[in-house]
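Numbering (the numbering used here), first residue to last: 12 to 128.
Okay, so here's the structure we're looking at.
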Amino acid sequence: MKITAHTVVFDAADLEAESSFWAKLLGGEVRAESDWHTVLVEGAAPVAVQLAPEHQPPQWPEGRPQQIHLDLDVEDITAAHTEVVQLGAQVLQMATGTQRFNVYADPAGHPFCLCWD
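Okay, here's the thing in structure tokens:
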């Protein structure tokens, strides 16, 4: 499998506050959609914020755990799907309709997406 890009995605109830924070911290700019903001930083991988209205922030160091997930862009979704499942990933959701991503869980249960154009 050849990974062509990766995006760290933060869930947040307030897209504007979260994406503005990261854009300012990283010296980037926000490309906003209704339920997704992408922070673009020249020469670096993007950071994204996904609308999650029920999101509850983690409680550090104990309590509610931290939660983020990775989006991995792949050239060949069929081959990538086969490989991650063989490596031990569990399929959580296959793409439906116009979606261009499948959702998996790694062996510890952390979600990640394989995305394609």
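Glycine is no exception: its CB is placed at the ideal position from the N, C-alpha and C atoms.
Only a predicted model underlies this, so the values are computations on that prediction, with no experimental measurement involved.
Residue i burial status per 10 Å Cβ neighbour count (16 or more: buried)
i: HIS121; result: exposed
i: TRP33; result: buried
i: LEU26; result: buried
i: SER45; result: exposed
i: VAL58; result: buried
i: GLU65; result: exposed
i: GLU86; result: exposed
DSSP bridge partner residues for residue i (one or two, in chain order)
i: GLN110; result: GLN110 pairs with nothing; no bridge assigned.
i: GLU40; result: LEU51
Inter-residue CB distance, residue i and residue j (contact presumed, cutoff 8 Å)
i: ASP3; j: GLN78; result: Since the first residue shown for the chain is 12 and the last is 128, residue 3 is missing from the structure and cannot be characterised.
i: ASP84; j: TRP47; result: Going by Cβ atoms, the distance from ASP84 to TRP47 rounds to 15 Å, so no, they are not a contact pair.
i: ALA90; j: LEU125; result: Between LEU125 and ALA90 the Cβ distance is about 10 Å, and since that is not below 8 Å, they are no contact.
Backbone secondary structure at residue i - three-state DSSP
i: VAL85; result: strand
i: LEU7; result: Summary: the structure shown does not reach residue 7, with the chain confined to residues 12 through 128, and so no result is reported for it.
i: GLN104; result: strand
i: LEU98; result: coil
Does the stretch 52-62 come within contact of the stretch 34-43, defined as at least 3 CB pairs closer than 8 Å? yes
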